[in-house]
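In my numbering, the protein residues as written are 5 to 297.
Glycine included, C-beta positions come from ideal geometry on N, C-alpha and C.
Each remark here refers to the structure printed beneath this line.
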Amino acid sequence: MDLSDLTVFCTVVEAGGVTRAAERLHRVQSNVTTRIRKLEQDLGVSLFEREGRQLVLTADGERLLGYARQLLGLAAAARNELAGQRLAGRFRLGSMENTAATRLPLPLSRFHRDYPEVELELSTGPSLPMCQRVLRGEVDAALVAEPVGGELDARLDSRIIGVEELVLVTALDHPPVRDARDVAQDTLLAFQPGCGYRQRLEDWFASAGRLPQRQVELSSYHAILGCAAAGMGVALVPDKLLDQYAGQAALARHRLPPATAHAPTLLVWKRSQPRAVIARFADYLLDDEATPS
């Protein structure tokens, strides 16, 4: 077992399969499959099992994932220290609003504690505008939802730092929702165009041959959830965010198919951007993701 094998393993988990992992690693699929099999042989366990077309981590795979992320993070830290790399200066981070509220507080606090010479700046907004801000050099990196307006711009690099479980929310008295045809309202409550979750919700409706008549654009999750509770329309929101909402008792949650509900969160940056601070911050994000809650 070596670090390159662990990198391949973590990428397969983060990307959700061998095909997308191969694209991210710039390898052929057969090479990724061979590395996973080699790792399984070295450890004497099965790391994945197949459910239909999906690869699912086994219990041994879940245990290895936490250790693998820690080892890769330590290796990155060691490289930085031995290279005499001192992290300092301004780090401008963009983020989706829900990610800033649910995933960032702890890793930001830890990063600020460990690297006090790095001046942190945080701004929030929808995914596509955030990617455009990265390309214009207005922020150094951003946390966005996949897909980001289709394909990620070739000038950007990315790393998956987690997967959000999205749920459809309606007023509490709404009947159960199995597919888009069960939704009583024809109004979508969402952020402006460029929001990855809005795009997923629109695609879900389109897959059932149904196009909502109205979209109401709101600027905060509190406004979206409040309007959903009042029966004004439906919205797609992260389950973790809903858990923190004080008025969640007035809302009904409806589970959607994995293709719609499982939304990877990416840390993106410009390929030409110096990576020292970005790579180290990504390690903090992944360390927090691997820490049991």
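- Bounds of any beta strand (DSSP E) do not take in residue 13; it lies within the alpha helix (DSSP H) bounded by 7-19.
- In this structure, DSSP gives residue 237 a state outside helix and strand, which the three-state scheme calls coil.
- Within 10 angstroms of the beta-carbon of residue 217 lie fewer than 16 other beta-carbons, which makes it exposed.
- Spanning the alpha carbons of residue 208 and residue 59 requires a straight line of approximately 23 Å.
- When DSSP assignments are scanned along the region 151-239, the uninterrupted stretches of beta strand (DSSP E) that are 3 or more residues long and fall wholly within it turn out to be 160-175, 191-194 and 218-221.
- A residue is called buried when at least 16 other Cβ atoms come within 10 angstroms of its Cβ; residue 248 does not meet this threshold and is exposed.
- In summary, residue 102 is buried, with 16 or more beta-carbon neighbours lying within 10 Å of its beta-carbon over all protein chains present.
- Distance from the Cα of residue 184 is smallest, within the candidate group 245, 239, 95 and 117, for 239.
- The beta carbon of residue 170 lies closer than 8 Å to those of 201, 204, 240, 241, 242, 243, 260, 264, 265, 266 and 267 in the same chain, with the five residues before and after it left out.
- Residue 175 has its alpha-carbon roughly 30 Å from the corresponding atom of residue 133.
- If you keep only unbroken beta strand (DSSP E) runs of at least 3 residues inside the region 90-139, you get 93-99 and 122-128.
- If one requires a minimum length of 3 residues, the beta strand (DSSP E) runs lying completely within the region 8-78 are 52-55 and 58-61, in chain order.
- In its chain, beyond the 5 residues on either side, 90, 91, 92 and 93 have a beta carbon closer than 8 Å to the beta carbon of residue 121.
- In the DSSP assignment, residue 265 falls outside any beta strand (DSSP E) and lies within the alpha helix (DSSP H) extending over 262-265.
- Here the region 73-80 makes no contact with the region 123-132; the two share fewer than three CB pairs at distances below 8 Å.
- Assignment of beta-bridge partners to residue 242 by DSSP yields 170.
- When secondary structure is reduced to three states using DSSP, residue 281 falls in the helix class.
- Non-local C-beta neighbours of residue 64 in its own chain, meaning closer than 8 Å and more than five positions away in sequence, comprise 47, 49, 50 and 51, ordered along the chain.
- The three-state reading of DSSP puts residue 286 in helix, counting H, G and I together.
- Our two residues, residue 21 and residue 14, have alpha carbons roughly 10 Å apart in a direct line.
- The beta carbon of residue 131 sits closer than 7 Å to those of 100, 148, 149, 152, 198, 199 and 200, all from its chain and outside the five residues before and after it, given in chain order.
- CA-CA distance, residue 164 to residue 286, rounds to 9 Å.
- Residue state for residue 145 is assigned as strand, using DSSP reduced to three classes.
- In the DSSP assignment, residue 275 falls outside any beta strand (DSSP E), carrying neither H nor E.
- The shortest CA-to-CA distance from residue 220 to any of 250, 141, 61 and 195 is the one to 195.
- Here residue 167 has 266 and 268 as same chain residues with Cβ atoms under 6 Å from its own Cβ, once five neighbours each way along the sequence are excluded.
- In chain order, 72, 75 and 76 place their CB closer than 7 Å to the CB of residue 10, counting only its own chain and leaving out the 5 sequence neighbours on each side.
- In this structure, the alpha-carbon of residue 245 lies about 10 Å from that of residue 104.
- Cβ neighbours of residue 256 within its own chain (closer than 6 Å, five residues either side excluded): 174, 176 and 178.
- Inclusion of residue 234 and residue 193 in the CB contact set at 7 Å is not warranted, their separation being larger than that value.
- Residue 288 sits away from residue 95, with the two beta carbons spaced by 7 Å or more.
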